[in-house]
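Take a look at the structure below.
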Amino acid sequence: MTGTFAPVREHDAELAAFTEMVRTFVAREITPHHARWESDGIVPRELWRKAGAAGLLGLGLPAEYGGGGASYRFNAVVDAELYHAGATGPGFTVHNDVCGPYFAELATPEQLGRWVPGMTSGELVAAIAMTEPGAGSDLRGVRTRATRTPGGWLLNGAKTFISNGIHADLVIVVAQTGSDGDAGLSLLVVERGMAGFTRGRNLGKVGLHAQDTAELSFDNVAVPDANVLGQPGKGLRYLMANLAQERLTIAVQAVAAMEGVLADTLDYVRTRTAFGQPIGRFQHNAFLLAELATTVKAARVFVDWGVEEHLAESLGADTAAMIKLHTTEAQQRVVDRCLQLHGGYGYTTEYRVGRAWADARVQTIYGGTSEMMKVIISRGLGLHKT
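Under full-length UniProt numbering, the sequence shown has 110 at position 110, and the numbering climbs by one with no breaks.
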C-alpha cells in the first residue's frame, strides 16, 4: 500500500515530480510537528506561507493572475499525501478544493487580481461559510441575510463549524439577499478586518484537532458590491455546481487515510506477537486484513475513476454522492477494524490509528451527510418527486 495517487502512474512526469515534492514537504514540514499542533488546536500561520512558497496552494486558480493554473489532479495529490500521512490539520483542502473553484469560476478580473496572488502565496487563507446553527444540509434554510445599501450590502447573521475559521482572511458567506429561499441566495466575500465581523472560539472537536474550526458572526458588516462573487440571487446554483468536487475530494482523503492506516496496521501485526507468533498469522486476523485490503483497493479504483470523470466534466451529483458515501463509510469500518487489531494501543493517541479513528468520524457528516448522499442517489434513481 502506498500513498501515491493512482492517476499519477498514468500521466506525465510533471505530476509525478509534484507528488514527490508534496510528499517530501509533508514529511519535513508537517509530520514532525503535527502532534504539537493537535495539542495547540491549530497549525501555525507560517505553515501556510511555506506551503505557498512550495507551490501547494492556489493550484486551480488562473495562472495569469498568479495561480497555479493546474488541473484537479494536482489538488488530489495534495489531499492524498496529507491524509496518507495522517496530516489532517492543515486546511489546504478547504482553501484549494472547496473555495478555489468559486474564485476561479465566478470572480471578476479585478477580484482575481486582488485575491489570487495572496491565496497562492499563503498570505490569504480562504474559508466558506454555509452552515448555521439552524441550517446544515438544508441550504434553503439559511437565515444570514444581506440587505441592499448604496454600493453594497449590509450583512447580518451567524455561521458555525467553519473550517479555517480562525485563519481565514477571505470568507465566502452564503446569505439571503432575496425574499424567497433558494432564489435569493448570494455569495459575499467578507474580508478580515471588516467592521462587525467577529470570530468565536476555536471549537473543540472529537477529531481533526489541529484544524481550526470556528463560529463566525456578522453584525451590520458592510460588504461592497466589489466583494460579491457571481450574480446576486444565483448562489444556490453556484453551490450545487461545486459540491461534486467537494465530495470527491473528501473521498480522495478517505481512501488515502485508509491506505495509510492499513499500511501501519500490517506493519503492526507482523511484529506484535501473542501466543508465540505474530498476530497477523492468526487466521481470523489474516482473513480480516484480506477483507480490509480488498475494501480499500475497491474504494481506490472507484475514486480514481471518479477523478477521471470529474476531469472530463462528466461527474454527476448522484455519482459524486455515491463515491463519497461508499468511501467515507468504508473509511470508518476499515479504521475501526484496524484499531481493534491494535488492541489497547489502538485506543491511545500515541498510535496513529487512534487519531485516524477520531478524524474519520466527521467524514460521513461534512460535505453532506451519508443520509443526504442517499437522498441524492435515490433521487437519481427516480425514487423521489422532482
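Positions of the beta carbon are idealized from the N, C-alpha and C atoms, including for glycine. The structure displayed is predicted, hence computed values, not measured ones.
I'd like to confirm the pairing. Which residues does DSSP put opposite residue i in its beta bridges?
i    : result
G152 : T149 and P224
I162 : A214
F282 : Per DSSP, none; premise fails for F282.
E191 : L170
L185 : Q176
F197 : F218
N202 : A214
I128 : I172
A135 : E132
T273 : P278
G55  : G55 pairs with nothing; no bridge assigned.
G157 : F218
L229 : L187
Using the rule of at least 16 other Cβ atoms within 10 Å of the residue's Cβ for burial, across every protein chain shown, is residue i buried or exposed?
i           : result
T328        : buried
Y347        : exposed
K374        : exposed
T93         : buried
T271        : exposed
D267        : exposed
A53         : exposed
H167        : buried
H284        : exposed
L292        : buried
T349        : exposed
L239        : buried
L208        : buried
G134        : exposed
residue 387 : An answer regarding residue 387 cannot be provided, because it is not within the stretch 1 to 386 covered by the chain.
G86         : buried
E259        : buried
R36         : exposed
L59         : buried
G367        : buried
D12         : exposed
residue 414 : Outside the modelled stretch of the chain, which goes from 1 to 386, sits residue 414, for which no answer is possible.
R143        : exposed
D97         : buried
D138        : exposed
Shortest alpha-carbon distance to residue i belongs to which of the options?
i           : options                   : result
E29         : A356, R148 and W48        : W48
A126        : Q340, G141, L57 and A87   : L57
V173        : D212, V223 and R281       : V223
R145        : A257, E20 and P232        : P232
F18         : G86, A63 and N75          : N75
G178        : H326, R140, A129 and W37  : R140
H326        : G344, S370 and G343       : S370
residue 396 : L61, G134 and A256        : No answer is possible for residue 396: it lies beyond the span of the chain, which begins at 1 and ends at 386.
A263        : Y83, G55 and Q277         : Y83
M119        : D169, E38 and V221        : D169
R237        : L106, P32, A63 and W305   : L106
Q245        : P278, P150, T294 and L311 : L311
M322        : V334, F302 and G204       : F302
E38         : L288, T88, H95 and E81    : T88
A95         : S137, A175 and L124       : Position check: residue 95 holds His in this sequence, whereas Ala was assumed. Residue L124 is the option with its Cα nearest to H95.
A63         : G306, T147 and A104       : A104
Q111        : E191, E81, G306 and T131  : E191
I377        : A210, K324, G193 and Y351 : K324
D336        : E81, V353 and Y345        : V353
Indicate whether residue i and residue j have their beta-carbon atoms separated by less than 7 Å.
i    : j    : result
D79  : Q253 : yes
I250 : A214 : no
V261 : A356 : yes
N164 : V189 : no
Y102 : L229 : yes
R247 : A320 : yes
R361 : V206 : yes
V152 : D219 : Correcting the residue identity first, residue 152 is Gly in this sequence and not Val. Contact: no.
V43  : P90  : yes
G235 : S186 : yes
N202 : G41  : yes
A51  : G122 : yes
V296 : L341 : no
G380 : D304 : no
A129 : L216 : yes
Cβ of residue i less than 7 Å from any chain B Cβ?
i    : result
R148 : Chain labels in this structure do not include chain B; a single protein chain is all it has.
Within 6 Å: the Cβ of residue i and any heavy atom of the ligand MG?
i    : result
G134 : The ligand content of the structure shown is nil, which means the ligand MG is not present either.
Touch test, the region 56-72 against the region 137-157, Cβ-Cβ under 8 Å, three pairs minimum: no
Segment contact flag, the region 19-39 with the region 196-206, C-beta cutoff 8 Å, min 3 pairs: no
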